[in-house]
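One structure is given here, and the rest of the page talks about it.
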Amino acid sequence: MKSQNEIRYFFILSSVFCLLSSVIFLPSVYPHGRDGGGGDKLIDTEKMIYIPEGEFVMGSNEDELTEIKKVYGKRGGIEGYLFEKEKPKRKVFVKSFFIDKYEVTNAQYKKFLDATGHPAPMRWHNGKYPQGKANNPVLYVSWYDAKAYAKWAGKRLPTEEEWEKAARGADGRIFPWGNKYDPTLTSTAESIMENIEEGICNVTTGIAVGTAKGDVSPYGVHDMGGNVREWTDSWFNIEKGEKVVKGGSWVDLSPRARCASKDGVNPKGISHIIGFRCVRDYEMTA
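The letter at position 11 of the sequence shown is residue 242 when you use this note's numbering, and the numbering goes up by one with no holes.
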């Protein structure tokens, strides 16, 4: 367990990174290659993972949340967090489906733009993403942008239940990799100090998908604990018109990396810490 001074330091650290992202991450900072990525070597991002049907444990109970609040406070860190939205802890049945192994990358999203003429995300330059960022998750995309990409790709956005099962598996684990938080396994605010010496930390765009080798779910899905938060197709608050966003990001503290954590975001909203991945229905073949 971290000391209160350490936790306070990470709160401040996360705030600084948020400010840095708004100041440093400007279009003029990064050169843009002719292909939109400077000829980056692309990883295989087309693979989807099969998630079998069945029940899984979803959400959190009061005892679990009480322990988190003791360390991080009732607001869960530097910003308000509605822990109550995670309750109750219950069993949920989900049908079989396929989910993207990785978050949708800049390179994948550019193919969508080139094919459809859909507007490019904020911070792109002349339809090109920053050089060296082909394998990074696409950012500054609204829920509507993500929905349009998914439709073009012949897929859809996951429900909250599908996303959490893919992250959590059937054993009710707290994090995608197990029940104990380890900053060296993922990409969250606490990971910054752990990873910076390895040269894999980027405080303005996160890291390339699959870089955090330990952030892997029981089914083999990557980056569901950290890197960027992800849009889902579920409602967080219908009255307020907010969609559920799941997972943690490089500016978030470890409570956000839990499989049960979630937040509500206006579907028109865009952010430097929100991306997405897609799912596809499982279809029985003769």
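Cβ atoms here follow ideal geometry from the backbone N, Cα and C, with glycine treated the same way.
Source: prediction; values computed, not measured.
Could you check where the beta strand (DSSP E) with residue i kicks off and where it finishes?
{"i": "isoleucine 330", "result": "328-331"}
{"i": "valine 496", "result": "493-496"}
{"i": "valine 518", "result": "For residue 518 there is no data in the structure shown, the boundaries of the chain being 232 and 517."}
{"i": "phenylalanine 287", "result": "285-289"}
{"i": "glutamate 321", "result": "Correcting the residue identity first, residue 321 is arginine in this sequence and not glutamate. Arginine 321 -> beta strand (DSSP E) spans 321-325."}
Helix, strand or coil for residue i, going by three-state DSSP, please let me know.
{"i": "glycine 269", "result": "At glycine 269 the pLDDT is 49, less than 50, meaning the model places this residue with poor confidence; the figure from the coordinates comes in the next sentence. Residue state, collapsed to three classes: coil."}
{"i": "threonine 463", "result": "strand"}
{"i": "tyrosine 281", "result": "strand"}
{"i": "lysine 359", "result": "strand"}
{"i": "proline 352", "result": "coil"}
{"i": "proline 258", "result": "Low per-residue confidence applies at proline 258: pLDDT is 32, beneath 50, and the placement is therefore not dependable, though the value from the model is reported in the following sentence. In this structure, proline 258 counts as coil in the three-state DSSP scheme."}
{"i": "arginine 387", "result": "strand"}
{"i": "lysine 316", "result": "helix"}
{"i": "alanine 439", "result": "coil"}
{"i": "serine 422", "result": "helix"}
{"i": "tryptophan 481", "result": "coil"}
{"i": "lysine 499", "result": "coil"}
{"i": "histidine 263", "result": "Confidence at histidine 263 is low in this model, with a pLDDT of 41, below 50, so its placement is unreliable and no value can be given for it."}
{"i": "isoleucine 274", "result": "coil"}
{"i": "alanine 401", "result": "coil"}
Which residues share a DSSP beta bridge with residue i?
{"i": "asparagine 175", "result": "With the chain covering only 232 through 517, there is no way to say anything about residue 175."}
{"i": "isoleucine 505", "result": "Arg460"}
{"i": "valine 447", "result": "His453"}
{"i": "proline 368", "result": "Thr336"}
{"i": "phenylalanine 406", "result": "Gly409"}
Looking at the secondary structure, which residues open and close the alpha helix (DSSP H) in which residue i lies?
{"i": "valine 302", "result": "293-303"}
{"i": "threonine 347", "result": "337-347"}
{"i": "arginine 487", "result": "Run containing arginine 487: none; DSSP gives neither H nor E here."}
Out of the options, which one is the CA nearest neighbour of residue i?
{"i": "proline 319", "options": "Ala488, Asn292, Asn367, Lys300", "result": "Asn292"}
{"i": "aspartate 454", "options": "Val496, Phe467, Gly290, Gly437", "result": "Gly437"}
{"i": "arginine 387", "options": "Thr415, Lys396, Val335", "result": "Val335"}
{"i": "arginine 399", "options": "Glu277, Glu315, Gly478", "result": "Gly478"}
{"i": "alanine 397", "options": "Lys322, Glu277, Asp331", "result": "Asp331"}
{"i": "tryptophan 481", "options": "Glu315, Thr419, Thr390, Cys509", "result": "Thr419"}
{"i": "proline 414", "options": "Asp483, Tyr303, Lys341", "result": "Asp483"}
{"i": "leucine 273", "options": "Ala365, Lys300, Gly304", "result": "Ala365"}
{"i": "alanine 488", "options": "Val372, Trp466, Ile299", "result": "Ile299"}
{"i": "arginine 508", "options": "Val496, Ser485, Val452, Cys490", "result": "Val452"}
{"i": "glycine 290", "options": "Glu284, Ala346, Ile405, Val325", "result": "Ile405"}
{"i": "phenylalanine 287", "options": "Thr297, Tyr281, Phe324, Glu277", "result": "Phe324"}
{"i": "threonine 442", "options": "Glu315, Tyr333, Lys474, Pro350", "result": "Tyr333"}
{"i": "proline 407", "options": "Thr276, Ala491, Lys499", "result": "Ala491"}
{"i": "asparagine 410", "options": "Pro486, Ile505, Arg511", "result": "Pro486"}
{"i": "leucine 344", "options": "Lys301, Pro368, Ala379", "result": "Ala379"}
{"i": "aspartate 518", "options": "Asn337, Asp402, Pro389", "result": "A query on residue 518 cannot be resolved here, the shown segment of the chain reaching from 232 to 517 and no further."}
{"i": "tryptophan 394", "options": "Tyr281, Glu315, Gly385", "result": "Tyr281"}
{"i": "phenylalanine 329", "options": "Trp466, Ile501, Glu284, Asp494", "result": "Glu284"}
{"i": "asparagine 458", "options": "Val475, Glu315, Glu421, Met353", "result": "Glu421"}
{"i": "alanine 384", "options": "Gly472, Met279, Ser373", "result": "Met279"}
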